[in-house]
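Report on the structure given below.
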Amino acid sequence: MPNVDKKFPRKYLSPSFDASNAADVTRLYDELLARAVASRDDLEKFIFDWEELGGAIHDRYSRAHVASTVDTTDEKAEKAYMQLVEQVLPLTETYGFKLNKKMLETPAAGQLGEFYACHLRTARKDVEIFREENVPLGVQERKLVNEFEKIMGGLTAKFRGKELTMQQLARFLEEPDGATRREAYEARVAVRSRVAGELDALYDRMLEVRRKIAANAGFKSFRDYTFASMHRFDYAPEDCFKFHDAIERHVVPVVSRFHDARMKKLGVPTLRPWDLQVDPESKTPITPFSTAGELVEGCRKIFRQVDAELGEYFDHMISKKLLDLDSRKGKAPGGYCTSFSEERVPFIFMNAAGTKRDVDTLLHEGGHSFHYYLSREIPLTSYHHTGLEFAEVASMAMELLSRPYFKEFYAKDVLPRVLDDQLKKVVEFFPFMAMIDAFQHWVYTAPPDATGAQARRSMWSELERRFQPKLDWSGLEGYRDLGWQYPHVFAVPFYYVEYGIAQLGALAVWKQSLDDHHAAVERYKSGLRLGGSKPLPELFSAVGARFGMSGEIIAPLVQAVEKNLSR
-5 MPNVDKKFPR KYLSPSFDAS NAADVTRLYD ELLARAVASR DDLEKFIFDW
45 EELGGAIHDR YSRAHVASTV DTTDEKAEKA YMQLVEQVLP LTETYGFKLN
95 KKMLETPAAG QLGEFYACHL RTARKDVEIF REENVPLGVQ ERKLVNEFEK
145 IMGGLTAKFR GKELTMQQLA RFLEEPDGAT RREAYEARVA VRSRVAGELD
195 ALYDRMLEVR RKIAANAGFK SFRDYTFASM HRFDYAPEDC FKFHDAIERH
245 VVPVVSRFHD ARMKKLGVPT LRPWDLQVDP ESKTPITPFS TAGELVEGCR
295 KIFRQVDAEL GEYFDHMISK KLLDLDSRKG KAPGGYCTSF SEERVPFIFM
345 NAAGTKRDVD TLLHEGGHSF HYYLSREIPL TSYHHTGLEF AEVASMAMEL
395 LSRPYFKEFY AKDVLPRVLD DQLKKVVEFF PFMAMIDAFQ HWVYTAPPDA
445 TGAQARRSMW SELERRFQPK LDWSGLEGYR DLGWQYPHVF AVPFYYVEYG
495 IAQLGALAVW KQSLDDHHAA VERYKSGLRL GGSKPLPELF SAVGARFGMS
545 GEIIAPLVQA VEKNLSR
């Protein structure tokens, strides 16, 4: 079994070094910059020492970010986080450029060998696009994202005499009673509509900053800049457009059939937005757990049955209190898995409210955490993380590999419906993913004067008609057109198509598991152990999947889903 308590002591940094001290960070960066690097051994030591410093900074940043998101009202935590954002992170960018140049211009770089190939490729791209004037703009952008998180973290709705977070309110969208669902949905509409103008203005400021960053780096658009900065070496914008078209051709008709069946079971003439989460065959909402403790225990049992090693990792997270799962006022929305680089452990954050989606979320974030555990012993610490396209395979595949063990949360009479619902949701995700991605391609390449608040609403309306033709928004058109105001669009621009690419990889892993579950899990773990040490196509191949976004890849996977539905 794995040594989950393994220590990773500092070798270069002193035990007392504080990565939040900008002066100390600067001193060490200058020391690295001045160091003589003559041989391959010198260069490897230079890289490992630099990575140790980067790991210490990342660790401090991750802990500060966690503290600021578990309680967005904690002024002390926000101050500590912003101090890192304003004073330390800019140093990593400025010195990162200088140190990358030093590494790449050292004659010994040509002697590093295949293991460093991905590392050097990334460094070359980072040097190519770096501009000193973008450093303060990056700080400005992170401040705007923090502003967005504060707005969203403070949203609550009055519903039947109670003040609920958006996550808590979402539970009522699973109620069998249509009037209750509609009332809950309209409560959400009221809250989100109230801040729509504020979010529009905030997004305008984000667009301005991001366009400046792209222009400074010599790119025609922020879209093109982002493809470079996110190290998208294996596909281009044109591939994304083909992906959208393939989804429209192969997935939208399948989802429309799902929606027709849902309408029939619900006995409604049209499908309204509050009809999407309810189990149409249940008289009461399915409540898989009541407390965060029950959620943890159920997932613990599932992970141990999927694989004993993965179960050990999750037990370690429980024992080390590396989970913050319940929804509460003042907590930032959403869910994520981050890592504390010096201790080399993951941390999971989410907002659980007792829904099926919460179970899926913890299984998903659990997959990310296992990816980190499995890759954390790679000598090059930058390889502990990988391209988002493969990082999400780790999480999405775990949701699907957990299917045989859903009995830990669901009774026999509802289990087939839950399993069907999960597969349907996987397919139903693709059109929404295409909408978010297509919207961002448009907003970052169209002329600025053509992408104002009203134009954004009009574009989203077009995308709704293209990818969700069965949904009836009558009377809610104004709210429908705010659908682009989605967390990823604000906080992590262009981070969404990765979910679609990864979902194809995850479905391929699941499809293999239908023939040999154990072999599929072992292949999955082998691929995750590679971290970011290989290009995306090789990582996909390692888990038994094919990298790509074409209809040729999508169609058979969607067909496999339809074939495996119980009804």
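The letter at position 528 of the sequence shown is residue 522 when you use my numbering, and the numbering goes up by one with no holes.
Using N, Cα and C, we set each Cβ at its ideal position, and we do this for glycine too.
So is residue 553 buried or exposed if we call it buried at 16+ other beta carbons inside 10 Å? Numbered from 1 along the sequence shown, position 559 holds the residue referred to as residue 553. Counting Cβ neighbours within 10 Å, residue 553 comes out exposed, since fewer than 16 surround it.
Per DSSP, which one or two residues make a beta bridge with residue 333? To locate residue 333, count along the sequence shown from 1; it is residue 339. DSSP lists 340 as partners of residue 333.
Would residue 230 be called buried (16 or more neighbouring beta carbons within 10 Å of its own) or exposed? For the purposes of this step, residue 230 is identified with residue 236 of the sequence shown, where counting begins at 1. By the neighbour-count rule (16 or more Cβ atoms within 10 Å), residue 230 is not buried but exposed.
Using the three-state DSSP reduction, which class does residue 20 fall into: helix, strand or coil? As a first step, residue 20 is located in the sequence shown; it is residue number 26 there, counting from the start. It is helical.
contact_flag[the segment 266 to 283, the segment 307 to 315] where n(CB pairs < 8 Å) is 3 or more: no
Straight-line Cα distance separating residue 172 from residue 226: Along the sequence shown, read from residue 1 onward, the residue named residue 226 stands at position 232. Along the sequence shown, read from residue 1 onward, the residue named residue 172 stands at position 178. Spanning the two alpha carbons is a distance of roughly 44 Å.
Between the alpha carbons of residue 141 and residue 148, how many angstroms are there, rounded? Counted from its first residue, the sequence shown places residue 141 at position 147. Counted from its first residue, the sequence shown places residue 148 at position 154. Cα-Cα distance, rounded: 11 Å.
Proximity winner among 35, 72 and 378, relative to residue 112 (alpha-carbon distances): Locating residue 112 in the sequence shown gives position 118, counting from the first residue. Cα-wise, what sits closest to residue 112 is 378.
Cα-Cα separation between residue 19 and residue 82, rounded to whole angstroms: Taking the sequence shown and counting its residues from 1, the one referred to as residue 19 is at position 25. Taking the sequence shown and counting its residues from 1, the one referred to as residue 82 is at position 88. If you take the alpha carbons of residue 19 and residue 82, they lie about 8 Å apart.
Our contact map puts residue 502 next to residue 539 with C-beta atoms below 8 Å; I'd like the distance itself, whole angstroms only. Position 508 of the sequence shown holds residue 502. Position 545 of the sequence shown holds residue 539. Rounded, the Cβ-Cβ distance is 4 Å, consistent with contact.
Where residue 249 and residue 369 are concerned, what is the direct C-alpha to C-alpha distance, given to the nearest angstrom? Along the sequence shown, one-based indexing puts residue 249 at 255. Along the sequence shown, one-based indexing puts residue 369 at 375. In a straight line, the C-alpha of residue 249 is about 36 Å away from that of residue 369.
Terminal residues of the continuous beta strand (DSSP E) containing residue 156? Here residue 156 refers to the residue found at position 162 when the sequence shown is read from its first residue. Start and end: 156 to 159.
Residue from 505, 439 and 254 with nearest C-alpha to residue 465: Here residue 465 refers to the residue found at position 471 when the sequence shown is read from its first residue. Closest option to residue 465, Cα to Cα, is 254.
Output the residue ranges of the alpha helix (DSSP H) runs that lie fully inside the segment 417 to 495 and measure 4 residues or longer, sorted by chain position. 447 to 461, 471 to 474 and 481 to 485
If you reduce the DSSP assignment to three classes, tell me which class residue 63 lands in. Counted from its first residue, the sequence shown places residue 63 at position 69. Correct three-state label for residue 63: helix.
Three-pair Cβ contact test at 8 Å for the segment 214 to 222 versus the segment 432 to 442: yes
Just confirm the distance between the C-beta atoms of residue 404 and residue 299, as a whole number of angstroms; I'd bet it's less than 8 Å. Translated into the one-based positions of the sequence shown, residue 404 becomes position 410. Translated into the one-based positions of the sequence shown, residue 299 becomes position 305. Not confirmed; about 14 Å, so no contact.
Which of the three DSSP states, helix, strand or coil, is assigned to residue 308? The sequence position of residue 308 within the sequence shown is 314, counting from 1. Of the three classes helix, strand and coil, the one that applies to residue 308 here is helix, per DSSP.
Among 536, 375, 208 and 507, which has the Cα closest to the Cα of residue 50? Against the sequence shown, residue 50 aligns to sequence position 56. If we check each option's Cα against that of residue 50, 375 comes out closest.
Please report the distance separating the alpha-carbon of residue 205 from that of residue 301. Counting from 1 along the sequence shown, the entry for residue 205 is found at position 211. Counting from 1 along the sequence shown, the entry for residue 301 is found at position 307. The alpha-carbon atoms of residue 205 and residue 301 are separated by roughly 46 Å.
Distance, Cα to Cα, residue 259 vs residue 294? For the purposes of this step, residue 259 is identified with residue 265 of the sequence shown, where counting begins at 1. For the purposes of this step, residue 294 is identified with residue 300 of the sequence shown, where counting begins at 1. If you take the alpha carbons of residue 259 and residue 294, they lie about 34 Å apart.
Tell me, to the nearest whole angstrom, how far the beta carbon of residue 106 is from that of residue 7; I am working on the premise that it is less than 8 Å. The residue labelled residue 106 in the question sits at position 112 within the sequence shown. The residue labelled residue 7 in the question sits at position 13 within the sequence shown. About 23 Å separates the two Cβ atoms, so there is no contact after all.
Residues that residue 320 bridges to, as DSSP identifies them: Taking the first residue of the sequence shown as position 1, residue 320 is located at position 326. The partner list for residue 320 (beta bridge, DSSP) reads 346.
So, helix, strand or coil for residue 289, using DSSP? Within the sequence shown, the letter at position 295 stands for residue 289. If DSSP states are grouped into helix, strand and coil, residue 289 belongs with the helices.
Exposure of residue 528, with buried meaning 16 or more beta-carbon neighbours within 10 Å: Counted from its first residue, the sequence shown places residue 528 at position 534. The residue in question, residue 528, is buried, as its Cβ has 16 or more Cβ neighbours within 10 Å.
What alpha helix (DSSP H) runs, 4 residues minimum, are completely inside the segment 161 to 213? 172 to 210
So if DSSP puts residue 152 in a beta bridge, which residue, or which two residues, is it bridged to? Your numbering for residue 152 matches position 158 in the sequence shown. According to DSSP, which records beta bridges pairwise, residue 152 is partnered with 157.
Would DSSP call residue 265 helix, strand or coil? Position 271 of the sequence shown, counted from the first residue, corresponds to residue 265. Residue state, collapsed to three classes: strand.
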